[in-house]
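Take a look at the structure below.
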Amino acid sequence: MNDFGFGPDEVAAIHLSLKVAIWATLASLPPGIAVALALARGRFWGRDLLNGVVHLPLILPPVVTGYALLLLMGRQGWVGKPLASIGIVFAFNWTGAALAAGVMGFPLMVRAIRLSIEAVDTRLEQAAGTLGAPPLWVFATVTLPLMLPGVLAGAVLAFAKALGEFGATITFVSNIPGRTQTLSGAIYAYTQSPGGDAGALRLVAVSVVLSLMALLLSEALARSVSRRISGVA
1 MNDFGFGPDE VAAIHLSLKV AIWATLASLP PGIAVALALA RGRFWGRDLL NGVVHLPLIL
61 PPVVTGYALL LLMGRQGWVG KPLASIGIVF AFNWTGAALA AGVMGFPLMV RAIRLSIEAV
121 DTRLEQAAGT LGAPPLWVFA TVTLPLMLPG VLAGAVLAFA KALGEFGATI TFVSNIPGRT
181 QTLSGAIYAY TQSPGGDAGA LRLVAVSVVL SLMALLLSEA LARSVSRRIS GVA
């Protein structure tokens with residue numbers, strides 16, 4: 001990337017942003033699918049409360065979410081302190097940036113997957129059940145393929161959100177070059193420095209390109225999955 005005029009800190013910020021976004025998305029997928037299933041199909045006490053908690057990061061200021069993570073997962077936090085005693089540290093580390101990005105993108109992922117689940121024709125699942133298929137097999141062979149476009153859409157939304165996350169991340173893990181400074185943090189640092197406009201514009205261009213590539217890939221995968229589902233049907 002140095003051929004394009006990027007400095008070492010800029011290259012590090014780009015690599016770290018991709019690393020954080022990928023891990024945040026992958027770690028969010030299993031709980032995202034589980035929560036979406038619970039909200040779409042579950043009938044239990046506290047369902048509305050769970051829905052509200054899941055969507056809190058969308059309506060709270062990102063700084064509040066970051067501060068809550070610091071209180072909960074920091075070295076002296078309720079969860080972070082026992083984890084730190086066994087060597088698992090999130091605060092002021094790239095893993096904390098991934099955690100913050102995952103939390104901020106989680107509501108978008110859950111919403112996309114939930115809408116996809118609600119669009120699944122339950123009669124197809126019931127038909128598979130009447131043929132003797134166990135529930136897990138019905139989910140793996142009928143429900144999951146039908147909801148896959150929503151899963152892909154949710155994953156890309158979460159990835160894009162993680163790629164551009166700033167407020168919660170900087171509050172929880174600060175903005176340390178080479179360690180926790182993502183693209184957004186590097187852009188912010190450039191805007192606060194005299195003569196930093198050129199560097200900020202370079203990184204803004206990278207952010208736009210990466211986001212567009214993710215969206216185009218998502219559309220291509222969704223179309224491919226839809227064609228396969230239609231072919232099977």
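Numbering follows our numbering, with no gaps: position 42 of the sequence shown is 42. For every residue, glycine included, the Cβ atom is placed at its ideal position computed from N, Cα and C. Source: prediction; values computed, not measured.
By a C-beta neighbour count over all protein chains shown, 10 Å radius and 16 as the cutoff for buried, is Arg202 buried or exposed? buried
Can you check the stretch 87-147 for any alpha helix (DSSP H) of at least 4 residues that lies completely inside it and give the ranges in chain order? 94-118, 122-130 and 135-138
Using only CA atoms, which one of Ile187, Gly199 and Leu215 lies nearest to Gly154? Leu215
With distances taken Cα to Cα, identify the nearest neighbour of Leu212 among Thr169, Leu163 and Thr191. Leu163
With distances taken between CB atoms, is the gap from Ala36 to Ala160 smaller than 9 angstroms? no
Cutting at 8 angstroms between CB atoms, please list the residues of its own chain near Val173, excluding the five before and the five after it. Phe90, Ala91, Phe92, Asn93, Trp94, Gly96, Ala97, Ala100 and Thr180
Determine the DSSP secondary structure at Pro82, reduced to helix, strand or coil. helix
Just the Cα atoms here: how many angstroms apart are Gln192 and Ala186? 10 angstroms
On the premise that Val120 lies in contact with Ala128, defined as a C-beta separation below 8 angstroms, what is that separation, rounded to the nearest angstrom? Incorrect: roughly 12 angstroms between the Cβ atoms, too far for contact.
In chain order, what residues of the same chain lie with their CB nearer than 7 angstroms to the CB of Thr171, ignoring the 5 residues before and after it? Val63, Gly66, Tyr67 and Leu70
May I ask you to check if the CB of Ile22 is nearer than 8 angstroms to at least one heavy atom of the ligand ZN? Absent from the structure shown: the ligand ZN. Ligands present: none.
Can you tell me which of the three DSSP states Gly196 falls into? coil
For the alpha helix (DSSP H) containing Gly66, list its first residue and its last residue. Pro62 to Met73
Report all residues from its chain with a CB closer than 6 angstroms to the CB of Thr25; omit the five preceding and five following residues, and keep chain order. Ala155, Ala158 and Phe159
Determine the closest residue to Pro149 out of Ala112, Pro177 and Glu165, with distance taken between C-alpha atoms. Ala112
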